[in-house]
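Engineer: Take the sequence shown: its position 5, counted from the start at 1, is 6 in the working numbering, and no numbers get skipped.
Before we start, here is the structure in question, set down as structure tokens.
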Amino acid sequence: MGLTAERLLTAIRRVLQSIHGKFPELYPTLEAILEESIYLCFTDENHGGDFIEEGITCISELLYNQNTVSERMWKLYYHIMGLYISDAGILDEYLAQVSVPIINYMTKAPNEFKHANFTGQGTPLDLLF
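In structure tokens:
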């Protein structure tokens, strides 16, 4: 029985949840390691959304357990919002789950959420509306 992408992401999610808040210095490194896997969760190649919930949970854990929101995590925010705006259909069934990391973005970086314009697409708040 090999290690499938789904099992790998489940294992990653479980590790993130097991270290919840215990090693804050590890989270920036974990972001860099997990970034590509998280983006992969939100693609059509992910077999119709099998891993979306795992990716959403990983984003939530990474955000919740840090004091700031990194540029890497803001890029993920814009990617997720872009999927909704473009009506890609990938996240249609996951609006409730995606609200958790969105709330984490708001609470961890309220000023940036209201005023920052990272990509020229408007503020994170603009994209939400």
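No residue lacks a Cβ here, since even glycine has one placed at the ideal position from N, Cα and C.
From a predicted model like this one, the values you see are computed outputs, not experimental measurements.
Can you name the start and end residues of the alpha helix (DSSP H) that residue 80 belongs to?
Structural biologist: The residue given as residue 80 occupies position 79 in the sequence shown. Taken as a continuous stretch (DSSP letters only), the alpha helix (DSSP H) holding residue 80 covers 72–86.
Engineer: Can you give me the start and stop residues for the alpha helix (DSSP H) that residue 33 sits inside?
Structural biologist: Indexing the sequence shown from 1 puts residue 33 at position 32. Start and end: 28–42.
Engineer: By the three-class DSSP mapping on this structure, what secondary structure does residue 89 have?
Structural biologist: Against the sequence shown, residue 89 aligns to sequence position 88. Coil, per DSSP.
Engineer: Do the CB positions of residue 70 and residue 33 come within less than 8 Å of each other?
Structural biologist: Translated into positions along the sequence shown, residue 70 becomes position 69. Translated into positions along the sequence shown, residue 33 becomes position 32. No, the Cβ-Cβ distance between residue 70 and residue 33 is not below 8 Å.
Engineer: Does the separation of the CB atoms of residue 57 and residue 102 fall below 8 Å?
Structural biologist: For the purposes of this step, residue 57 is identified with residue 56 of the sequence shown, where counting begins at 1. For the purposes of this step, residue 102 is identified with residue 101 of the sequence shown, where counting begins at 1. Contact: yes.
Engineer: Relative to the C-alpha of residue 78, which residue among 17, 13, 9 and 126 is closest?
Structural biologist: Position 77 of the sequence shown, counted from the start, is the residue given in the question as residue 78. Comparing Cα positions, the closest option is 126.
Engineer: Can you tell me whether residue 117 is helix, strand or coil according to DSSP?
Structural biologist: If you number the sequence shown from 1, residue 117 lands on position 116. Here residue 117 sits in coil by DSSP.
Engineer: Between residue 31 and residue 63, how many whole angstroms is the CB-CB distance? I'm expecting something under 8 Å.
Structural biologist: On the sequence shown, residue 31 is found 30 positions in, with the first residue counted as 1. On the sequence shown, residue 63 is found 62 positions in, with the first residue counted as 1. That belief holds up - the Cβ atoms of residue 31 and residue 63 are roughly 7 Å apart, short of 8 Å.
Engineer: Identify whether residue 110 lies in helix, strand or coil by the three-state DSSP scheme.
Structural biologist: Within the sequence shown, numbered from 1, the residue matching residue 110 stands at position 109. Residue 110: coil per DSSP, three-state reduction.
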